[in-house]
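Structure, as structure tokens:
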Amino acid sequence: MTSYLQKAWRTVAGLLLVVIAVSAALWLARPRFSETEVRQRIVTAIQTESASSFYVTGELEITATASVQNTRYLIPPLRLNLGTTSATVRLPGRVTYGFDVRELTPEHVAVDPNGDITVTIPELAINSVEADLELMEVQTDVGWARTYAGSGQEVTREAMSQAHDILRQQGAAHLRDNSQPRINTAKALQVMLTPVLQAVGIAEPRFTFQVGTNLVMESEL
């Protein structure tokens, strides 16, 4: 009986040694990566992805409305009102946003001992404002003693210019006051960076994105 138990213990011990040896071999053979390499890979990937120095991470569909009035009077002392010409422009447009990749350096990337990666992204900014002139709506009313070729076109051009400026202003306000653009940016970066880090041996990268100073987003595991 004792001999049987000894053989059984020797068998178990042998199996444990095999398991330990295989585990050690797998651990030693695991892909290696350094924090410096991870930092450089992330920065290089983002800078390569951007067509220029600006990386576009999302867009907004916005409609701006601007109204302009112009009233003219006959010279004194009559002070005769020659009429008010007004124009209202409703201008749809698209605003793209993202961040300047030149502001992103390896120091914006941190890797903790567990392999979790924190990326601090610069503040988001507007990249472009594109007005959709085909869908623009214009309503112009010309004063009784005025002409469309004169005051009508003048106030219409001014209203169009103001509407374009309002598109940019509304886009900037949306970036400042809403979290969704920052969430979209974090998601876009996660999708782009995951295969980059898998290539250096991080099978399931875990990210935390600090976008500007307003939002921290952790990637889903």
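Its first residue numbered 778, the sequence shown is counted upward by one per residue in the working numbering. Each residue gets a CB set at the ideal place from its N, CA and C atoms; glycine is no exception.
Extent of the continuous alpha helix (DSSP H) run through residue i
{"i": "S938", "result": "930–954"}
{"i": "T821", "result": "812–826"}
{"i": "M969", "result": "957–975"}
Inter-residue Cα distance where the pair is residue i and residue j
{"i": "A802", "j": "E900", "result": "Here A802 scores only 40 on pLDDT, less than 50, and its place in the model should not be relied on; the value that follows carries that caveat. Approximately 45 Å, taken between the alpha carbons."}
{"i": "R856", "j": "V988", "result": "59 Å"}
{"i": "D954", "j": "V993", "result": "15 Å"}
{"i": "V977", "j": "T962", "result": "23 Å"}
{"i": "A828", "j": "G929", "result": "42 Å"}
{"i": "A822", "j": "Y874", "result": "19 Å"}
{"i": "N847", "j": "M913", "result": "21 Å"}
{"i": "N891", "j": "I979", "result": "11 Å"}
{"i": "V932", "j": "S956", "result": "37 Å"}
{"i": "L952", "j": "L837", "result": "10 Å"}
{"i": "F986", "j": "E911", "result": "39 Å"}
Cut-off 6 Å between Cβ atoms - residues of its own chain near residue i, not counting five sequence neighbours on either side
{"i": "R879", "result": "S830"}
{"i": "R849", "result": "L859"}
{"i": "A965", "result": "T834"}
{"i": "R807", "result": "In this predicted model, R807 has a pLDDT of only 44, less than 50, meaning its place in the structure is not dependable; the value taken from the coordinates is given anyway. Same-chain partners within the cutoff: there are none."}
{"i": "L974", "result": "P982"}
{"i": "A887", "result": "T895"}
{"i": "H885", "result": "T897"}
Close beta carbons around residue i, own chain, < 7 Å, minus the five adjacent residues each side
{"i": "A949", "result": "I903"}
{"i": "E826", "result": "Y832, M969"}
{"i": "P883", "result": "R816, Q817, V820"}
{"i": "Q824", "result": "V878"}
Reference residue i; option with closest CA among the options
{"i": "Q939", "options": "T825, T865, T821, L857", "result": "T865"}
{"i": "R818", "options": "Y874, T848, L881", "result": "L881"}
{"i": "Q947", "options": "G892, T840, A828", "result": "T840"}
{"i": "D889", "options": "H951, A926, R945, E812", "result": "E812"}
{"i": "R945", "options": "S905, F986, H885", "result": "S905"}
Sequence-distant residues of the same chain with beta carbon closer than 8 Å to residue i, five excluded per side
{"i": "T842", "result": "T865, V866, R867, L868, A940, I943"}
{"i": "E814", "result": "V977"}
{"i": "D909", "result": "L868, P869, G870, R871"}
{"i": "Y925", "result": "T917, V919"}
8 Å Cβ cutoff met for residue i and residue j
{"i": "V833", "j": "A936", "result": "no"}
{"i": "R871", "j": "E907", "result": "yes"}
{"i": "I852", "j": "F876", "result": "no"}
{"i": "G1014", "j": "A922", "result": "Lying outside 778 to 998, the shown extent of the chain, residue 1014 is not represented and no answer is given."}
{"i": "T971", "j": "P982", "result": "yes"}
{"i": "T862", "j": "V919", "result": "yes"}
Residue range of the beta strand (DSSP E) that includes residue i
{"i": "P869", "result": "858–877"}
{"i": "E838", "result": "831–850"}
{"i": "T985", "result": "984–988"}
{"i": "I979", "result": "Run containing I979: none; DSSP gives neither H nor E here."}
{"i": "E900", "result": "Unbroken run through E900: none, as it is neither H nor E."}
{"i": "L992", "result": "992–995"}
{"i": "T924", "result": "No beta strand (DSSP E) holds T924; DSSP gives it neither H nor E."}
{"i": "V919", "result": "V919 -> no beta strand (DSSP E), and no H or E assigned at all."}
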